Amino acid sequence: MRAIRNLILICCLFVAISASGQVPPRVLSIDLSNATITQLATDIESKTSVRFYFDVKQLDSIRITARVDSEPLAVVLKKAFEKTPVKFTIDPGGNVFLTKGREIFASLPYGLFDAERDAARIASQKEPSTLAQLYNQDEQGSVTSSQENKLVEIGNKSGAGQGGSVSLAGYVRDAANGAAIIGAAVFTENPRIGTYTDQFGYYSLILPRGAHNLNIKALGITDSKRRIMLYSEGKLDIEIKTQVLSLREVVISAESSANVRNVQMGVEKLNIATIKQVPVVFGEADVVRVMLTLPGVKTVGEAASGFNVRGGAVDQNLILFDDLTIYNPSHFFGFFSAFNPDVVKDVELYKSSIPARYGGRLSAVLDANSKDGNTKKLAGTAGIGLLTSRLNVEGPIVKDKTSFILGGRTTYSNWLLKLLPEDSNYKNSKASFYDANVRLSHKISEKSNLYITGYLSNDDSNLNSDTSYAYSNKALSVKWKHVFNNKFTSVLVGGFSGYQYNTRSDVNPVNAYKLGFDIKQLNAKADFNYYLSPKHTLDFGVSTIQYRLQPGSFTPVGGESLIARDIIDTEQALESAVYFGDRFDLTPSLSFDLGVRYSMFNYQGPQDIDSYAPGLPRSEANLTGTTAFNKGDFMKTYHGPELRFSARYQISEDLSVKTGYNTLRQYIHVLSNTVAMAPTDIWKLSDPNIRPQYGDQASLGLYKNFKSNTIETSVEGYYKRIKDYLDYKNGAILVMNHNIERDVINTDGKAYGLEFLVKKLTGKLNGWLGYTWSRTLLRMNDPTAAQLINNGDYYPSNFDKPHDLTLVGNYRFSHRFSMSLNTTYSTGRPITVPVGKYFYAGSLRARYSGRNELRIPDYFRTDVSMNIEGNHKIHQLTHSSWTVGVYNLTGRDNPYSTYFTSEQGMIKGYRLSVFGNAIPYVNYNIRF
Numbered sequence: 004m005r006a007i008r009n010l011i012l013i014c015c016l017f018v019a020i021s022a023s024g025q026v027p028p029r030v031l032s033i034d035l036s037n038a039t040i041t042q043l044a045t046d047i048e049s050k051t052s053v054r055f056y057f058d059v060k061q062l063d064s065i066r067i068t069a070r071v072d073s074e075p076l077a078v079v080l081k082k083a084f085e086k087t088p089v090k091f092t093i094d095p096g097g098n099v100f101l102t103k104g105r106e107i108f109a110s111l112p113y114g115l116f117d118a119e120r121d122a123a124r125i126a127s128q129k130e131p132s133t134l135a136q137l138y139n140q141d142e143q144g145s146v147t148s149s150q151e152n153k154l155v156e157i158g159n160k161s162g163a164g165q166g167g168s169v170s171l172a173g174y175v176r177d178a179a180n181g182a183a184i185i186g187a188a189v190f191t192e193n194p195r196i197g198t199y200t201d202q203f204g205y206y207s208l209i210l211p212r213g214a215h216n217l218n219i220k221a222l223g224i225t226d227s228k229r230r231i232m233l234y235s236e237g238k239l240d241i242e243i244k245t246q247v248l249s250l251r252e253v254v255i256s257a258e259s260s261a262n263v264r265n266v267q268m269g270v271e272k273l274n275i276a277t278i279k280q281v282p283v284v285f286g287e288a289d290v291v292r293v294m295l296t297l298p299g300v301k302t303v304g305e306a307a308s309g310f311n312v313r314g315g316a317v318d319q320n321l322i323l324f325d326d327l328t329i330y331n332p333s334h335f336f337g338f339f340s341a342f343n344p345d346v347v348k349d350v351e352l353y354k355s356s357i358p359a360r361y362g363g364r365l366s367a368v369l370d371a372n373s374k375d376g377n378t379k380k381l382a383g384t385a386g387i388g389l390l391t392s393r394l395n396v397e398g399p400i401v402k403d404k405t406s407f408i409l410g411g412r413t414t415y416s417n418w419l420l421k422l423l424p425e426d427s428n429y430k431n432s433k434a435s436f437y438d439a440n441v442r443l444s445h446k447i448s449e450k451s452n453l454y455i456t457g458y459l460s461n462d463d464s465n466l467n468s469d470t471s472y473a474y475s476n477k478a479l480s481v482k483w484k485h486v487f488n489n490k491f492t493s494v495l496v497g498g499f500s501g502y503q504y505n506t507r508s509d510v511n512p513v514n515a516y517k518l519g520f521d522i523k524q525l526n527a528k529a530d531f532n533y534y535l536s537p538k539h540t541l542d543f544g545v546s547t548i549q550y551r552l553q554p555g556s557f558t559p560v561g562g563e564s565l566i567a568r569d570i571i572d573t574e575q576a577l578e579s580a581v582y583f584g585d586r587f588d589l590t591p592s593l594s595f596d597l598g599v600r601y602s603m604f605n606y607q608g609p610q611d612i613d614s615y616a617p618g619l620p621r622s623e624a625n626l627t628g629t630t631a632f633n634k635g636d637f638m639k640t641y642h643g644p645e646l647r648f649s650a651r652y653q654i655s656e657d658l659s660v661k662t663g664y665n666t667l668r669q670y671i672h673v674l675s676n677t678v679a680m681a682p683t684d685i686w687k688l689s690d691p692n693i694r695p696q697y698g699d700q701a702s703l704g705l706y707k708n709f710k711s712n713t714i715e716t717s718v719e720g721y722y723k724r725i726k727d728y729l730d731y732k733n734g735a736i737l738v739m740n741h742n743i744e745r746d747v748i749n750t751d752g753k754a755y756g757l758e759f760l761v762k763k764l765t766g767k768l769n770g771w772l773g774y775t776w777s778r779t780l781l782r783m784n785d786p787t788a789a790q791l792i793n794n795g796d797y798y799p800s801n802f803d804k805p806h807d808l809t810l811v812g813n814y815r816f817s818h819r820f821s822m823s824l825n826t827t828y829s830t831g832r833p834i835t836v837p838v839g840k841y842f843y844a845g846s847l848r849a850r851y852s853g854r855n856e857l858r859i860p861d862y863f864r865t866d867v868s869m870n871i872e873g874n875h876k877i878h879q880l881t882h883s884s885w886t887v888g889v890y891n892l893t894g895r896d897n898p899y900s901t902y903f904t905s906e907q908g909m910i911k912g913y914r915l916s917v918f919g920n921a922i923p924y925v926n927y928n929i930r931f
């Protein structure tokens, strides 16, 4: 009788499989105590379309106690029958078959009529433990595809034959380590519908029901396709293999025509593999230095911190690392970037067409993303160079669910400083830095992911003097991504960023002091993305930042110090914004990206604010009174809209025209009398006497690809206006100034230029050539100022360099050996110098030129490096490589700055060069 019952069950199962379509898993809950199998089946059948088949007499004595909340059917059954002899099988039609002690299978085994083969097959076959495995899905219902030629069926087959479109979404990940593939192009050719993965590797499309070839292309991975049959709304997670480059295939962009097809202009994206190819000083890959090779991005000189984008000052760039604000992006006097190259995944620079979700700075956004930890296995990298070493470890905490990545760098440069000549005045100098990164990634569910990022950096130096300099960045963020459905996603972020510096001298106990400054910010934001249709994608969100700034403290060190304590009042402010954007295609050729951001800035108490007579210079003589504000009072509010507009007209598959217009507001300023960003720069919030900066930029570009999109070319022109940029008066005191508004002045500026870029994307020889012609001019013609600069006429800014030409080339001789070249030329930056002398009040005085009227000599430098890889055997514990190169190959003595001194009644000028010789370097790298 038992054999007959089993035969009947198998026959029923076979008929059910033949007659049923695929039904996706259902999520349900149960709460049973000492229940029978019949009660369990009745409960589940009342909530779903699932049908149960079992022998009541055989299973009637079994009792079940289980509580399961919002889980797929397979998980519910697995937990319900955990401590019982009941076995279950779920067929593709959603029918459940229960047996006692013996398992049955939802398919006929291969070789049914060969008894020996049948027996071996059945003995070795393992029944799927969940319904998700039966469908090649995870427990939440997402299909995972790692095979290119296999047809993947998505959704409920009951939707077959119906018209209309449905949504498809999922993640694109690296098959080797589970890392998200950022910026991957996911698209179909017919119809032409596509999108790009976000910073989490997530994509969302709306496609017609039916069969499609889904293309996936990204930098550093093998171009791939997935054959899909889309019945209804569903999810498809895609695992991609890392690309093994042939000598004829070195790719530098995600999708070959992305520069032509994208609506945004003035956007540059580089991944860490490309960054590591460019030679830099001392041989360590440097995110900021590589960005300087791109058109429109400049620096005032060698080893200078910060960078200037399209005529903007260094403080007009928003620098983000995993949504954390980095106030000083450099180490070791500007020689090294604050970004650890082994932790960074990719970097994106927005020069124009800045998305509405960004704000707070006038010129550019540099957005760096860190890698997620390896979810498959423990791995890492390490490197050692002449001045620095680094170590990075990553791996799973819970495989395929929770991972970590931990990286650190440090320097041991003092040995090099001791080799300096005795007459260099830096023989006994000391300098050190370190930084540390940590990132935790946790998959809460198929719909939710949690990310925690921490960053710490510290620099300490003493340049052969009795004064030491130290500064540090600290940052922490928590990020939660939630997928409401295939069309609607959100990212919530909360974080802290801080920057501080101090100078200290305690050699002479009587004059021992410490001078300090710090800024802290708490930030929170919510970003939402709604994929309305193939023609419309909506972005909207809110953000807020709480600033707390200590402008300066001058305190004694030790009990013997006679220094008088002096502390400037703390400043506080709240910056908030709301934004909305729409990316839409009017026609297949004409697309727009429209956005608006409304920002508000509230300067808060407690604070005492001086008032001055209107129409007169801000000075003590024109002081009319002082107003005291209490804690929490809004002393001054600035607000206004910011417009974002981009348009693209695609003339052909390889030719397009783009235009854009942005307006931006900046409520925080840097006060500095140096041409480059320095550790001792002072950040200042807008207040009732210092207005926020405002700028707008219009741009127009032409983009053309050649030779099957393997060569990219572009020409972009721009015109930018800047209002209320802070400059300083002659003889201004910027440090420990309780009334800083009296020594700074508001200026207006304009910047304009043309940028040319040529990229060769494939082949043994690849790289790019960029040229920029630009001007950046400032003007101070405020009638209330006591003294006009340059008689109120325009004068060049400190970073005005009209001509800039850069060539980056890479040549791969074999899989193990390649060479890289970086050559750059630029006009010398402007300076103000003595041009004469005269007697006044019985003493000899110097007569200076107009502000920035003359220039230092032009800049030229060539760097070369060789990259030597170890063997490419897959199954070995470690893989190693060497990087050997020369920075400033020609040994050119490029002047960084000029200065003048009075010696025996004579004014003498000097030029300072940072590197006057060729600098060789070697680095050893290892990964495991």
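Position in the sequence shown (from 1) plus 3 gives the number in our numbering. We treat Cβ as the ideally placed atom computed from N, Cα and C, and that holds for glycine. The structure presented is a predicted model; accordingly, all values stated were derived computationally and were not measured.
In its chain, beyond the 5 residues on either side, N855, L857, R858, I859, S900 and T901 have a beta carbon closer than 8 Å to the beta carbon of I834. DSSP places I107 in the coil class of the three-state scheme, outside both helix and strand. With fewer than 16 other Cβ atoms inside 10 Å of its own Cβ, G845 counts as exposed.
Per DSSP, V347 is not a residue of any alpha helix (DSSP H); the beta strand (DSSP E) it occupies stretches across V347 to Y353. Partner residues in a beta bridge of Q165, as assigned by DSSP, do not exist. Only residues of its own chain outside the window of five on either side were considered, and among them L518, D569 and M739 have a CB closer than 6 Å to the CB of F557, listed in chain order. Secondary structure remark: continuous beta strand (DSSP E) runs of at least 3 residues inside the stretch 470-551, in chain order: 471-486, 491-508 and 516-536. For S308, the closest C-alpha among the options F55, D684 and D699 is that of D684. The distance from the Cβ of G498 to that of A478 is about 7 Å, consistent with a contact at the 8 Å cut-off. Straight-line measurement puts the Cα of I612 at about 48 Å from the Cα of F407. Under the 8 Å Cβ criterion, the stretch 774-782 counts as touching the stretch 801-820, having at least three qualifying pairs. DSSP places E48 in the uninterrupted alpha helix (DSSP H) bounded by I40 to K50.
Proximity to S460 across Y330, Y721 and D585 peaks at Y330, based on C-alpha coordinates. Contact check for K763 and R313: beta-carbon distance about 25 Å, past the 8 Å limit, so the pair fails to qualify.
Between T881 and R819, the C-beta spacing is not below 9 Å. With respect to the 9 Å criterion, H539 and F587 are classified as neighbours on the basis of their beta carbons.
In the DSSP assignment, P860 is bridged to no other residue.
Distance from A371 to V347 at the Cβ level is roughly 6 Å; contact confirmed, criterion being Cβ atoms closer than 8 Å. Counting along the chain, V838 sits inside the beta strand (DSSP E) bounded by residues P837 to Y843.
A straight line joining the alpha-carbon of S602 with that of G643 spans about 6 Å. In this structure S493 touches D530 by the C-beta definition: roughly 7 Å separates them, less than 8 Å. Of all alpha-carbon atoms in S448, T391, T470 and T826, the one lying nearest the alpha-carbon of P75 is that of S448. DSSP places T630 in the strand class (E or B) of the three-state scheme. Annotation: I185 is outside any alpha helix (DSSP H) and is labelled neither H nor E by DSSP.
In this structure, D345 places its C-beta atom within 9 Å of the C-beta atom of G386. Under a 10 Å Cβ-count criterion, Y174 is classified as buried, with 16 or more other Cβ atoms of the shown protein chains found around its own Cβ. Using a 10 angstroms sphere on the CB of V293, the tally of other CB atoms reaches 16 or more, which defines it as buried.
Between Y924 and the set P282, K103, Q879 and E574, the nearest pair of CA atoms involves P282. In this model, N262 and L824 are separated by some 24 Å (Cα to Cα). By the CB criterion at 9 Å, L552 and G598 fall outside the cutoff.
Only buried fits N489, as 16 or more other CB atoms lie within 10 angstroms of its CB.
Between I743 and L667, the gap from beta carbon to beta carbon reaches 9 Å or more. If you ignore the 5 residues before and after N465, its C-beta comes within less than 8 Å of the C-beta of S432, K433, A434, S471 and Y472, all in its own chain and listed in chain order.
Of the residues F863, F816 and K228, the one whose Cα lies closest to the Cα of Y828 is F863.
If the five residues before and after Y670 are omitted, its C-beta is found closer than 6 Å to the C-beta atoms of E578, F604, S689 and P695, all from its own chain and listed in chain order. DSSP places M294 in the uninterrupted alpha helix (DSSP H) bounded by V290 to M294.
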